[in-house]
Structures are given as structure tokens and as C-alpha cells.
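Number of protein chains: 2
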Amino acid sequence: MDTNSCAKLLLTHENILILTHKNPDGDTAGSAAALCSALRRGGRTAWLFPNREMGRKLLPYCGQYFAPADFRPRYVVSVDIADDRLFCQGYEGKADLCIDHHPSNTHFAAESYIRGEKASCAEIVLELIQSINADLTPEEATLLYIGLSTDTGCFQYGNTNAAAFEAAAELVRCGADVMTVNTVFFRKVTPARLRLESMIYNGLRFYRDGKIAVAVVTQEMLRQAGAKEDDLDDLAGLAGRCEGSVVNITVREKEDGSCRVSVRSTPEVDSSAICAVFGGGGHAMAAGCTVEGAPEHVSRLLAGVAEEVWK
Amino acid sequence: MDTNSCAKLLLTHENILILTHKNPDGDTAGSAAALCSALRRGGRTAWLFPNREMGRKLLPYCGQYFAPADFRPRYVVSVDIADDRLFCQGYEGKADLCIDHHPSNTHFAAESYIRGEKASCAEIVLELIQSINADLTPEEATLLYIGLSTDTGCFQYGNTNAAAFEAAAELVRCGADVMTVNTVFFRKVTPARLRLESMIYNGLRFYRDGKIAVAVVTQEMLRQAGAKEDDLDDLAGLAGRCEGSVVNITVREKEDGSCRVSVRSTPEVDSSAICAVFGGGGHAMAAGCTVEGAPEHVSRLLAGVAEEVWK
Numbered sequence: 052m053d054t055n056s057c058a059k060l061l062l063t064h065e066n067i068l069i070l071t072h073k074n075p076d077g078d079t080a081g082s083a084a085a086l087c088s089a090l091r092r093g094g095r096t097a098w099l100f101p102n103r104e105m106g107r108k109l110l111p112y113c114g115q116y117f118a119p120a121d122f123r124p125r126y127v128v129s130v131d132i133a134d135d136r137l138f139c140q141g142y143e144g145k146a147d148l149c150i151d152h153h154p155s156n157t158h159f160a161a162e163s164y165i166r167g168e169k170a171s172c173a174e175i176v177l178e179l180i181q182s183i184n185a186d187l188t189p190e191e192a193t194l195l196y197i198g199l200s201t202d203t204g205c206f207q208y209g210n211t212n213a214a215a216f217e218a219a220a221e222l223v224r225c226g227a228d229v230m231t232v233n234t235v236f237f238r239k240v241t242p243a244r245l246r247l248e249s250m251i252y253n254g255l256r257f258y259r260d261g262k263i264a265v266a267v268v269t270q271e272m273l274r275q276a277g278a279k280e281d282d283l284d285d286l287a288g289l290a291g292r293c294e295g296s297v298v299n300i301t302v303r304e305k306e307d308g309s310c311r312v313s314v315r316s317t318p319e320v321d322s323s324a325i326c327a328v329f330g331g332g333g334h335a336m337a338a339g340c341t342v343e344g345a346p347e348h349v350s351r352l353l354a355g356v357a358e359e360v361w362k
Numbered sequence: 052m053d054t055n056s057c058a059k060l061l062l063t064h065e066n067i068l069i070l071t072h073k074n075p076d077g078d079t080a081g082s083a084a085a086l087c088s089a090l091r092r093g094g095r096t097a098w099l100f101p102n103r104e105m106g107r108k109l110l111p112y113c114g115q116y117f118a119p120a121d122f123r124p125r126y127v128v129s130v131d132i133a134d135d136r137l138f139c140q141g142y143e144g145k146a147d148l149c150i151d152h153h154p155s156n157t158h159f160a161a162e163s164y165i166r167g168e169k170a171s172c173a174e175i176v177l178e179l180i181q182s183i184n185a186d187l188t189p190e191e192a193t194l195l196y197i198g199l200s201t202d203t204g205c206f207q208y209g210n211t212n213a214a215a216f217e218a219a220a221e222l223v224r225c226g227a228d229v230m231t232v233n234t235v236f237f238r239k240v241t242p243a244r245l246r247l248e249s250m251i252y253n254g255l256r257f258y259r260d261g262k263i264a265v266a267v268v269t270q271e272m273l274r275q276a277g278a279k280e281d282d283l284d285d286l287a288g289l290a291g292r293c294e295g296s297v298v299n300i301t302v303r304e305k306e307d308g309s310c311r312v313s314v315r316s317t318p319e320v321d322s323s324a325i326c327a328v329f330g331g332g333g334h335a336m337a338a339g340c341t342v343e344g345a346p347e348h349v350s351r352l353l354a355g356v357a358e359e360v361w362k
């Protein structure tokens with residue numbers, strides 16, 4: 052399937068429901084909402100599945116496309132979903148078309164349009180909309196910019212390639228409100244988050260001449276900061292801001308007395324080998340595990356294992 | 052003058068000295084070094100003025116191009132310099148050619164090639180190098196990516212336009228080491244800086260239901276954090292990370308007992324009007340002033356004036 056045939060396929064159907072994945076991020080939400088808007092402009096009835104997990108930053112952009120309770124879909128399209136276990140309840144096994152950029156996609160839908168080389172699903176939907184309608188509305192451009200910028204960490208992640216920058220240029224030309232998106236998604240955080248960051252930075256522990264950095268997040272810190280679930284995004288990245296740190300460990304105390312541990316590293320050290328010691332796993336540069344015990348104890352334990360694995 | 056005529060002009064000269072501005076940033080340094088490399092590939096002898104103010108992040112990229120003591124220039128080119136008062140000592144009034152993107156450029160040189168619509172000088176030099184040599188080396192691409200990314204705040208500032216994203220795409224295609232630049236210039240900071248940020252976030256004061264945020268940086272905090280001059284970049288931006296804040300004030304205690312005040316705001320409030328009360332000035336969204344007194348006192352004073360001006 053190519054872009055034009057995928058666009059034509061979409062336009063042969065009516066009453067289209069578009070699915071986003073569990074714990075929806077900017078790419079699934081922005082891409083789905085932009086596609087929904089473009090299909091409507093192409094004369095189709097289309098709605099988003101009303102994903103209840105959508106957060107307060109995305110809802111103002113996407114909530115208006117949530118399907119009403121009486122909508123009866125006749126064609127189901129998933130956007131940015133690699134595996135139908137990531138579906139919201141009720142649509143497992145029922146997708147007619149899957150549009151995705153994850154190379155690991157499990158081809159769960161009747162038909163699939165996968166572009167594994169793309170940094171974001173938004174770039175695929177950009178091409179689809181250009182095929183459906185020739186142009187984008189400024190609102191669609193903004194929705195796709197949310198997808199592109201969040202999936203590339205505002206063009207700082209390793210997946211940021213020339214095509215991602217070109218897509219950004221095109222979205223700016225189409226009128227994307229880049230400044231507002233940057234402010235909402237990359238600059239502004241709640242006062243509670245700032246208080247929490249303050250405590251985390253203040254409590255950083257260093258081992259092996261600063262090459263191992265450990266951040267600790269306790270229940271008491273969350274309480275003192277007044278932090279909510281929304282304030283806890285990407286905490287695992289904070290320890291890695293330290294110059295000289297190679298292995299970055301984040302220990303987050305859970306309510307049941309165990310700790311959730313995230314390990315990030317440069318290619319020099321195998322994060323998954325560190326987490327495997329505790330029955331966890333992941334990738335060479337990002338892995339995780341759960342360890343019983345108090346945060347202080349778990350921190351020292353992990354730092355010790357990191358030193359051993361590094362040898 | 053257009054790109055090709057500027058490129059030809061450069062190639063008609065020999066023993067070229069390239070100037071960067073005082074307190075050099077990534078754009079002046081990266082653009083100048085990339086131009087120097089390209090002129091050498093074009094058969095010319097070219098060096099950078101050995102700017103002693105160049106910081107530890109830029110030096111590894113640019114230091115190799117610093118002119119030896121016995122170099123006698125016959126043609127002087129300034130890069131990213133808006134006014135020859137921003138020259139390093141000794142070359143005021145001696146520039147033969149000025150290459151710049153500041154609309155405010157004072158046309159101090161014998162000839163000027165100004166492109167005020169460009170977000171960075173790096174984009175101008177990109178076009179010049181393509182005119183001189185057709186292609187860029189990966190090293191030149193990396194140098195220009197330093198200029199482009201730092202002058203656009205890694206594509207988050209308001210000057211980021213479609214052309215800036217297109218230039219980024221081209222630099223990636225030419226082999227720019229985007230990941231290393233992003234890590235060095237946007238992600239990593241010293242442990243001292245993290246300690247200082249922790250203290251600043253912890254000490255934030257809010258007025259008018261959180262719409263005025265005040266950050267205080269005292270000499271004692273700098274001492275406790277072990278912060279050096281290099282650690283103090285963009286402190287004025289930290290208070291603005293708070294959701295809901297409209298006016299962001301940073302009060303930095305100086306060694307002489309006065310305070311340097313930076314005010315940032317959305318278009319709703321005039322920062323320069325706040326600073327004008329204390330004899331300072333600037334722009335509507337970014338202004339500054341110096342106020343006598345202890346940081347605590349100055350903070351309350353500024354918050355009060357901000358409330359008055361906002362009425």
C-alpha cells in the first residue's frame with residue numbers, strides 16, 4: 052500500500068472511527084485528530100474513540116473529535132498503535148486499517164500501512180492528508196506538529212532525521228501554531244513539578260566519580276511537592292542532565308513499598324544487563340526493573356550492581 | 052549582493068581573517084568556523100580571530116581555526132556581528148565584509164551581506180558554502196547546526212520558521228552530528244548548575260495567583276552550588292517554566308550589593324514599562340534594570356511594580 056492507495060481506501064468508507072493507543076501521547080492523539088478533520092473535509096463522517104486516558108494538555112486539541120455515545124462505526128482505523136494489546140477496551144481484533152510508524156507493528160489489522168522509517172506517525176498522516184485534500188488546515192498542521200514534536204523530543208531524540216525536519220518546515224508553512232505547542236508541551240510545567248524537580252536535583256547521588264548518577268523519588272517527596280500523575284512524565288531523564296554521567300538510575304518508591312527503577316545509559320554500558328540482575332529488562336540504553344525495599348537501600352543496591360556490570 | 056556574488060567576493064581575496072562577536076554564542080562561532088573550513092577547501096588561507104571569550108563548549112569545535120600570532124590578514128570578514136562595538140578589541144572600523152542576519156545591523160563594514168529574514172547566520176553561511184564548494188563536509192554541517200540550533204533555542208524560539216527547519220534537514224543530510232550537539236548544548240549541564248536550579252526552583256515566589264513569578268539568585272546560592280560563570284546562562288528563563296505565570300522576574304544579587312533584574316512577559320504585560328520605573332529598559336517581552344538593595348527587598352519591590360504596571 053502506498054500513500055495514495057491508503058488515502059483512496061479511507062475515502063471508500065463511511066462512519067469511520069479512529070483509535071488512539073492506551074496512555075495516549077501527542078503522536079497518536081495529534082495524528083488521529085488531524086486525520087479525522089481531513090476525512091471530514093473529504094466528505095466523510097469520522098470521529099475519534101473517546102479515549103478517557105487522554106491528558107489535560109491534549110484534550111483541548113482533540114476532545115472536540117470524540118465520538119458521541121450513539122455513533123455506530125462501520126470502519127475502524129488505528130493510528131500510531133503497534134499492537135492491539137495497546138488498544139482501548141473493546142476494539143481488540145476489530146481494526147480494519149492500521150496506520151503506524153513502529154517497525155515492531157504486529158500487523159493485527161485487516162490492512163496495514165506501516166512506514167517504519169518515519170520518526171512520527173504524524174509524518175505519515177501529513178502525506179495522507181495531502182493526498183486526500185491537497186492542502187492542510189492550520190488546525191491540522193498544529194495537530195500534526197504536536198505529534199511530530201513530541202515523538203522527536205522537540206527534535207532532540209535520536210530518531211530526528213532530515214525527513215522529520217522537512218515535515219516540520221511543511222507544517223510551519225501550513226500555519227501550525229508552533230509557539231503555543233512548544234510552550235504547552237515543552238516549556239511550561241506545573242509549580243508542583245518544579246518543586247519536585249528541585250527536590251530530585253537536590254537529592255542526586257553520584258558514584259564512580261560522577262559517572263553513575265542516581266535520582267530518588269519518594270512518596271513523601273510527591274506529597275510535599277503536591278505532584279499528580281501528570282507531573283511525573285520523563286522523570287527518568289532528569290539524572291541524565293548531569294555532565295559526566297554515563298549511567299543514570301531513577302528509583303521511584305511505589306505505594307506498596309517496592310521501588311520502580313529506570314536505568315538509562317550511553318552505549319558504553321548495558322542498561323538491560325543491570326536490570327536483568329533484578330529480573331527486569333529492556334534495551335541496551337534504557338531498561339527497567341522493580342526491586343523490593345526502601346528507596347535508600349534500592350539506590351545503593353543499584354549503584355553497586357551498575358559498578359559491577361560496568362567492569 | 053546575493054549569495055553567489057558574496058561567495059565570489061570572498062574567493063577573490065587571500066589571507067582572510069574571520070571575526071566573531073564579543074561573548075561569542077554558537078551562531079557566531081559555528082558560522083565563522085564553517086566558513087573558514089570552506090574557504091580553505093576553496094584554496095584560500097583563512098583563520099578565525101582567536102576570541103579569548105569563547106567558552107568551553109565551543110572551543111573544541113572552533114579552537115583549531117584560531118589564527119596563529121604571526122598571521123597577517125589582508126581581508127577581514129565579520130560573521131553574525133550587528134555592530135562593530137561588538138568586535139573583539141583591535142578590529143573596530145577595519146571590517147572589509149560583514150555577513151549577518153540582524154536586521155539592526157549598522158552597516159559598519161566596507162561591504163555588507165545582510166539577510167535579516169534568517170533565524171541564524173548559519174543559514175546564510177550554509178548557502179555561501181554551497182556556492183563556494185557545492186557540498187559541505189560533515190564537520191562544516193555540524194558547525195552550522197551548532198549555529199542554527201543555538202540561535203533558535205533548539206527550534207523553540209519564535210524566530211524558528213520553515214526555512215530554519217529546511218536548513219536543519221539539509222545539515223542532517225550533509226552529515227551533521229546532531230545527537231552530540233544536542234547533548235552538549237541542550238541536555239547536559241554541570242552538577243553545580245543542577246544544584247543552582249534546585250535552589251532557584253525551591254525559592255520561587257508567586258504573586259497575583261501565580262501570574263507573577265519571581266526567582267532569586269543570591270551570591271550565597273552561587274557559592275553553595277559551586278556555580279561558575281558558565282553555569283549562569285539563561286537563568287532568566289527558569290521562572291517562566293511555571294504554568295500560569297505571565298510576568299517572570301529574576302533578581303540576581305551582584306557582588307556590589309545591588310541586584311540585576313531581568314523581566315520576561317507575554318504580550319499582555321509590558322516588561323520594559325516595569326524596568327523603566329527603575330531606570331532600565333528593553334523590549335515589551337524582555338527587559339532589564341539594576342536596583343540597589345538586598346535581593347529580598349528588590350524582589351518585593353519588583354513584584355509590587357509589576358502589579359501596578361499590569362493594572
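Protein chains in written order, with the working numbering: chain A, 52 to 362; chain B, 52 to 362. The beta carbon of each residue, even a glycine, is placed where N, CA and C say it ideally should be. Predicted, not measured: the structure shown is a model, and the values here were computed from it.
Among the options, the one whose alpha carbon lies nearest that of residue i
i: A:Glu191; options: A:Lys145, A:Cys87 and A:Ser182; result: A:Cys87
i: B:Ala133; options: B:Gly261, B:Ala276 and B:Glu143; result: B:Glu143
i: B:Ser155; options: B:Lys145, B:Asp147, B:Leu137 and B:Glu65; result: B:Leu137
i: B:Gln140; options: B:Ala89, B:Leu194, B:Gly254 and B:Thr71; result: B:Thr71
i: A:Thr188; options: A:Gln270, A:Val265, A:Val232 and A:Arg92; result: A:Arg92
i: A:Leu60; options: A:Val127, A:Ala80, A:Gly81 and A:Ala287; result: A:Val127
i: A:Asp285; options: A:Ala357, A:Gln270, A:Thr201 and A:Lys262; result: A:Thr201
i: B:Arg246; options: A:Glu294, A:Cys57 and A:Arg351; result: A:Glu294
i: B:Asp76; options: B:Ala58, B:Thr96, B:Ala89 and B:Leu109; result: B:Leu109
i: A:Ala173; options: A:Ala120, A:Arg224, A:Ala219 and A:Ile67; result: A:Ala219
i: A:Gln270; options: A:Lys262, A:Phe100 and A:Lys279; result: A:Lys279
i: B:Ala403; options: B:Ala58, B:Cys149 and B:Gly167; result: There is simply no residue 403 of chain B to check, as chain B begins at 52 and stops at 362 in what is shown.
i: B:Ile197; options: B:Ala83, B:Gly277 and B:Glu248; result: B:Ala83
i: B:Ala264; options: B:Thr341, B:Arg292 and B:Pro242; result: B:Arg292
i: A:Leu255; options: A:Asn102, A:Ala120, A:Glu347 and A:Leu90; result: A:Glu347
i: A:Ala354; options: A:Asp282, A:Met105, A:Gly261 and A:Arg103; result: A:Gly261
i: A:Glu343; options: A:Val356, A:Phe329, A:Gly333 and A:Ala337; result: A:Phe329
i: A:Ala97; options: A:Leu62, A:Asp131, A:Val268 and A:Arg107; result: A:Leu62
i: B:Val314; options: B:Gly308, B:Glu304, B:Val298 and B:Ala327; result: B:Val298
i: B:Thr119; options: B:Asn102, B:Pro111 and B:Arg259; result: First, the residue type needs correcting, since residue 119 of chain B is Pro and not Thr in the sequence shown. Taking only the C-alpha atoms, the option nearest B:Pro119 is B:Asn102.
i: B:Arg244; options: B:Val176, B:Phe257, B:Leu283 and B:Leu222; result: B:Leu283
i: A:Val235; options: A:Asn210, A:Gly94, A:Tyr112 and A:Tyr258; result: A:Tyr112
i: B:Lys239; options: B:Cys57, B:Ser309, B:Asp281 and B:Val312; result: B:Asp281
Exposed unless 16 or more other CB atoms sit within 10 angstroms - verdict on residue i
i: A:Ala345; result: exposed
i: B:Ala185; result: exposed
i: A:Glu306; result: exposed
i: B:Ala215; result: buried
i: A:His152; result: buried
i: B:Lys169; result: buried
i: B:Asn55; result: exposed
i: B:Gln275; result: exposed
i: B:Met272; result: buried
i: A:Gly81; result: buried
i: A:Ala146; result: buried
i: B:Thr79; result: buried
The alpha helix (DSSP H) enclosing residue i, as first and last residue numbers
i: A:Cys87; result: Gly77 to Arg92
i: A:Glu359; result: Pro346 to Trp361
i: B:Gly198; result: Pro189 to Asp202
i: A:Thr63; result: Looking at the DSSP string, A:Thr63 is not in any alpha helix (DSSP H), and its letter there is neither H nor E.
i: A:Ala337; result: Counting along the chain, A:Ala337 falls outside any alpha helix (DSSP H), though it belongs to the beta strand (DSSP E) covering Ala337 to Glu343.
i: A:Cys205; result: No alpha helix (DSSP H) holds A:Cys205; DSSP gives it neither H nor E.
i: A:Ala146; result: Run containing A:Ala146: none; DSSP gives neither H nor E here.
Terminal residues of the beta strand (DSSP E) in which residue i lies
i: B:Phe216; result: No beta strand (DSSP E) holds B:Phe216; the alpha helix (DSSP H) holding it covers Ala213 to Arg224.
i: B:Cys172; result: First-last for B:Cys172: Cys172 to Asn184, but that is the alpha helix (DSSP H), not the beta strand (DSSP E).
i: A:Ser155; result: It is not in any beta strand (DSSP E) - A:Ser155 carries neither H nor E in the DSSP assignment.
i: A:Ala227; result: That residue, A:Ala227, is in no beta strand (DSSP E); it is neither H nor E in DSSP.
Inter-residue CB distance, residue i and residue j (contact presumed, cutoff 8 Å)
i: B:Ala290; j: B:Pro318; result: Contact doesn't hold; Cβ gap of about 18 Å is too wide.
i: B:Phe100; j: B:Ile67; result: Wrong, their Cβ atoms sit about 11 Å apart, outside the cutoff.
i: B:Ala85; j: B:Leu195; result: 5 Å
i: B:Glu65; j: B:Arg125; result: 6 Å
i: A:Ala324; j: A:Thr301; result: Incorrect: roughly 17 Å between the Cβ atoms, too far for contact.
The ligand ATP heavy atom lying under 7 Å from the CB of residue i
i: A:Gly106; result: The ligand ATP is not part of this structure, which contains no ligands at all.
- Query: Where in the region 88 to 140 of chain A do unbroken runs of the beta strand (DSSP E), each at least 3 residues long, occur, reported from the N-terminal end onward?
  - Reply: DSSP runs (the beta strand (DSSP E)) wholly in the region 88 to 140 of chain A: 97 to 99 and 126 to 130.
- Query: Of all the alpha helix (DSSP H) runs that stay within the bounds of the region 230 to 315 of chain B, which reach a length of 4 or more residues?
  - Reply: You should have 242 to 253 and 270 to 276.
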